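Step one of this worksheet: look at the structure below.
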Amino acid sequence: MYILVTGGIGQIGRTAVSQLLRHKHSVRILDRAAEADIDPEVRAEIEGASYAQVDITDFTSLAPHFAGADAVVHLAALTTPGAGPEHVLFQINVNGTFNVYRAAADAGIQRVVSASSINALGYNYGIKSFDIEYFPIDEMHPTFTTDPYSFSKDMVEEIAGYFWRREGISGAALRFPGVYRRNPQGTGRGRLDWRRMFREAAESFSALPEEERMERMATVIAQLDAMRVERPHEQPPEEQRRQWEARRQQGPPPPEMMLAWGRTDFWASMDDRDAAQAIEKALTVDYEGAHTLFVNDSHNSVGIPTQELTAMCFPQVKTWKQQVLGTETLVSIDKARELLGFEPAYSISLNKEVP
19 MYILVTGGIG
29 QIGRTAVSQL
39 LRHKHSVRIL
49 DRAAEADIDP
59 EVRAEIEGAS
69 YAQVDITDFT
79 SLAPHFAGAD
89 AVVHLAALTT
99 PGAGPEHVLF
109 QINVNGTFNV
119 YRAAADAGIQ
129 RVVSASSINA
139 LGYNYGIKSF
149 DIEYFPIDEM
159 HPTFTTDPYS
169 FSKDMVEEIA
179 GYFWRREGIS
189 GAALRFPGVY
199 RRNPQGTGRG
209 RLDWRRMFRE
219 AAESFSALPE
229 EERMERMATV
239 IAQLDAMRVE
249 RPHEQPPEEQ
259 RRQWEARRQQ
269 GPPPPEMMLA
279 WGRTDFWASM
289 DDRDAAQAIE
299 KALTVDYEGA
309 HTLFVNDSHN
319 SVGIPTQELT
329 AMCFPQVKTW
339 KQQVLGTETL
349 VSIDKARELL
359 GFEPAYSISL
369 NKEVP
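Here the sequence shown is numbered in this note's numbering, starting from 19 and rising by one per residue.
Here it is as structure tokens:
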């Protein structure tokens, strides 16, 4: 297949491009960065792909690149609420997505795979909280978006559905969680160390009497929900880093705060190689229609039994659509398994170290 990949030098994009090339697909990357400015490490990873500097918000310059392509992977986007002003984020993430699908339709392309996000649900970045109705979360759970990034990903899914109904373009809008590169140590304290800290906090918190646990968790969740209205995630990245460093200087947070920080993304994560797997399968598997799919690790990211996590952090959620065993994820990937044959090969969970 000849595949166009927008945003192909990003974290997910370059891994997906590398995998598609290994599997003998022809790949052309469309990205707004000048080719000369690409980091040498990234350049090595995407070697074999052709490249064009393109702004997806400029339809006139974008459309000609779609001629002759068999499929499109659309990953180009601003990736957090604080990545730019609200109107700029909407212009890139929503108008840019519409342009990509419109150009694909004009070129006769019948398969587009796009990056949605777990944040299309609206629970993590939103300035207003809302009730989780059941676990595990699936694609049928209601969304409630109150921040520009999450809303933009909601719109990506709507655009995909529109072009299926109007132009017959099939594909998947993949609801990626936080995606990490294959080095689990990452930067700073490191991902493995962070998970150990989280586990220690959970063990400390679970040792408290139940009534005290409930009271302390309710208090900290109320505090964090009150902070939502201040729109902390929409601050510029440098301001977010300053605020984070100020909190770090105050010393370790109480265990209930540590636990509550992780609850808004349901402790979901994903290895970049599994993200690439999901993309390739969404491109190549035989199906029709526009499908929204959660794709993530099959286990939670902290290696703690999931029922223990929910008892501590979501005691109000009483409805379970299916049983969750051990450290199995709170975000169901059953639909992706059924439609694509997706199955995570890597896990960040403490009980299954990253290869």
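Cβ coordinates follow ideal geometry from the N, Cα and C atoms, glycine included.
These numbers were taken from a predicted model, which means no experiment stands behind them.
Taking residue i and residue j to be in contact with their CB atoms under 8 Å, please state how far apart those CB atoms are, rounded to whole angstroms.
i: L67; j: L39; result: Per the sequence shown, residue 67 should be read as Ala rather than Leu. Contact holds; Cβ gap of about 6 Å.
i: G25; j: A94; result: 3 Å
i: I27; j: A62; result: With a Cβ gap of about 12 Å, I27 and A62 do not count as contacting.
i: V130; j: V90; result: 5 Å
i: S170; j: N111; result: 4 Å
i: V60; j: V45; result: Wrong, their Cβ atoms sit about 14 Å apart, outside the cutoff.
i: M232; j: P333; result: 6 Å
i: D165; j: Y143; result: 4 Å
i: R193; j: L311; result: 6 Å
i: I366; j: D315; result: 6 Å
i: E151; j: T337; result: 7 Å
i: I374; j: T115; result: This structure cannot settle anything about residue 374, because the visible part of the chain is limited to 19 through 373.
Taking residue i as part of the alpha helix (DSSP H), name the residues at either end of that continuous run.
i: V118; result: 114 to 124
i: L277; result: 273 to 281
i: I239; result: 228 to 246
i: K353; result: 352 to 358
i: L343; result: Careful: L343 lies outside any alpha helix (DSSP H) and carries neither H nor E.
i: S9; result: This structure does not reach residue 9, given that the chain is present from 19 up to 373, and the question cannot be answered.
i: M330; result: 324 to 331
So, with DSSP's three-state summary, where would you put residue i?
i: T24; result: strand
i: E65; result: coil
i: V106; result: helix
i: H92; result: strand
i: R200; result: coil
i: Q71; result: strand
i: V35; result: helix
i: V349; result: strand
i: R259; result: helix
i: R265; result: helix
i: R214; result: helix
i: R249; result: coil
i: T205; result: Its pLDDT being 41, under 50, T205 is placed unreliably by the model, and the measurement read from it follows with that caveat. Note: T205 maps to coil in three-state DSSP.
In whole angstroms, what separates the C-alpha of residue i from that of residue j?
i: D211; j: P255; result: 23 Å
i: V118; j: L327; result: 40 Å
i: Q71; j: E53; result: 7 Å
i: M275; j: M235; result: 8 Å
i: A278; j: A122; result: 42 Å
i: F360; j: S147; result: 31 Å
i: D88; j: P270; result: 52 Å
i: S350; j: R266; result: 33 Å
i: G179; j: A308; result: 5 Å
i: D283; j: L139; result: 10 Å
i: T205; j: S287; result: Only weak support is given to the placement of T205: the predicted model assigns it a pLDDT of 41, under 50, and the value that follows is read from those uncertain coordinates. Cα-Cα distance, rounded: 17 Å.
i: Q203; j: E346; result: Reliability fails at Q203, whose pLDDT of 45 lies under 50, so the model's placement of it is uncertain and the value that follows must be treated cautiously. Approximately 22 Å between the Cα atoms of the pair.
i: R246; j: G100; result: 14 Å
i: A125; j: G321; result: 46 Å
i: F108; j: E298; result: 27 Å
i: T98; j: I136; result: 12 Å
i: H43; j: P82; result: 20 Å
i: V23; j: P273; result: 42 Å
i: M158; j: Q268; result: 41 Å
Go to residue i, then tell me how far its beta strand (DSSP E) extends in each direction, as first and last residue.
i: H309; result: 308 to 312
i: L48; result: 44 to 49
i: D289; result: 287 to 289
Which runs of the alpha helix (DSSP H) fall wholly inside the segment 131 to 196 and span at least 4 residues, in chain order? List check, alpha helix (DSSP H) in window: 166 to 185.
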